[in-house]
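Novice: Below: one structure in structure tokens.
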Amino acid sequence: MKTRVQPCCNRETFANESEARRRLDKMHQLGLRSVLPIDVELCRNGWHLKFPTSDTGPSPKLRALVEARDKTCVRCGRQVPRDEDSIHHRVPRGRGGENTAENLLLLCGSGTTGCHGWVESNRAEAYKLGYLVKTGFDPLDVPVLLVGKAWAYPTPDGKWVVSGEAT
1 MKTRVQPCCN RETFANESEA RRRLDKMHQL GLRSVLPIDV ELCRNGWHLK FPTSDTGPSP
61 KLRALVEARD KTCVRCGRQV PRDEDSIHHR VPRGRGGENT AENLLLLCGS GTTGCHGWVE
121 SNRAEAYKLG YLVKTGFDPL DVPVLLVGKA WAYPTPDGKW VVSGEAT
């Protein structure tokens, strides 16, 4: 029987390691989930099942390439501290967007704040400006309006090819 423990987060919390390990073993025996826990871990109020991470973002190397290419938020031009920026997928991951230099942009804010929030809230305009790319189109073939000044195409090697000034 599971001992009641005050949870410290939204995950099931166990009073001790042996209870957590019993649950881990039971889940593996039944195999009812597509993603099974891999271990148990101690937390503030007890023990949790530890699941594999599902980081779908770019690798640190690719992120550094995009940051070096863009240097500032590509929409507003603001210098953005690392903890206030986000790497934006032009073709969203949920629609098959990949972690490639041509599909990624440096924007200030998160998906709800700053320029990243603007892109998510103003999708029709973001498509026109190249911050979003429609499914079926290659991000290499869709220019981006850089800081409202110039249109440019991103390249796979992390550079911009400027195609003309904005009108």
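For the sequence shown, full-length UniProt numbering gives the first residue as 1, with consecutive numbering after it.
Heads up, the beta-carbon is just placed ideally off N, CA and C, and yes, glycines get one too.
(1) Please report the distance separating the alpha-carbon of E12 from that of K61.
(2) Assuming G130 and G117 are in contact, meaning their beta carbons sit under 8 Å apart, how far apart are those beta carbons, in whole angstroms?
(3) DSSP beta-bridge partners for C108?
(4) Alpha carbon to alpha carbon, what distance is there between D141 and residue 200?
(5) Given that a residue counts as buried once 16 or more other Cβ atoms are within 10 Å of its Cβ, and exposed if not, what is R90?
(6) I believe A101 touches V66 by the beta-carbon criterion, under 8 Å. Please report the beta-carbon distance rounded to the nearest angstrom.
(7) Would you tell me roughly how many angstroms separate the C-alpha atoms of Q79 and F14, rounded to the nearest one?
(8) What residue range does the beta strand (DSSP E) around Y153 cover?
(9) Could you tell me if S18 is buried or exposed, where buried requires 16 or more neighbouring beta carbons within 10 angstroms of its beta carbon?
(10) Using a Cβ-Cβ cut-off of 8 Å (strictly less than) and excluding sequence neighbours within five positions of E84, which residues of its own chain qualify?
(11) Would you kindly report the start and end of the unbroken alpha helix (DSSP H) that includes G114?
(12) Should P154 go down as buried or exposed, given a rule of 16 or more other Cβ atoms within 10 Å for buried?
(13) Which residues in the same chain have their Cβ closer than 7 Å to the Cβ of S163, if we skip the five residues on either side of it in sequence?
(14) Since P52 and I38 should fall inside the 8 Å C-beta cutoff, what is the C-beta to C-beta distance between them, to a whole number of angstroms?
(15) Using the Cα positions of G111 and Q6, report the straight-line distance between them to the nearest angstrom.
(16) For S86, which of K159, E120 and M27 has the nearest alpha-carbon?
Specialist: Put simply:
(1) Cα to Cα, the separation comes out at about 35 Å.
(2) 18 Å between Cβ atoms; not a contact.
(3) Residue pairing by DSSP places C108 opposite D85 in a beta bridge.
(4) Residue 200 falls outside the range modelled here, since the chain spans only 1 to 167, and no answer is possible.
(5) By the C-beta density criterion, R90 is buried, having at least 16 other C-beta atoms within 10 angstroms.
(6) Indeed they touch by this definition, with Cβ atoms about 6 Å apart.
(7) Approximately 45 Å between the Cα atoms of the pair.
(8) Element bounds for Y153: A150 to P154.
(9) Per the 10 Å Cβ criterion, exposed.
(10) If the five residues before and after E84 are omitted, its C-beta is found closer than 8 Å to the C-beta atoms of C108, G109 and G114, all from its own chain and listed in chain order.
(11) For G114, the uninterrupted alpha helix (DSSP H) segment begins and ends at G114 to S121.
(12) Classification of P154: buried, given that the 10 Å Cβ count is 16 or more.
(13) These residues qualify, in order along the chain: P143, W151, A152 and Y153.
(14) Their Cβ separation, rounded to whole angstroms, is 6 Å, which keeps P52 and I38 in contact under 8 Å.
(15) Approximately 32 Å, taken between the alpha carbons.
(16) Of the candidates K159, E120 and M27, the one whose C-alpha sits nearest the C-alpha of S86 is E120.
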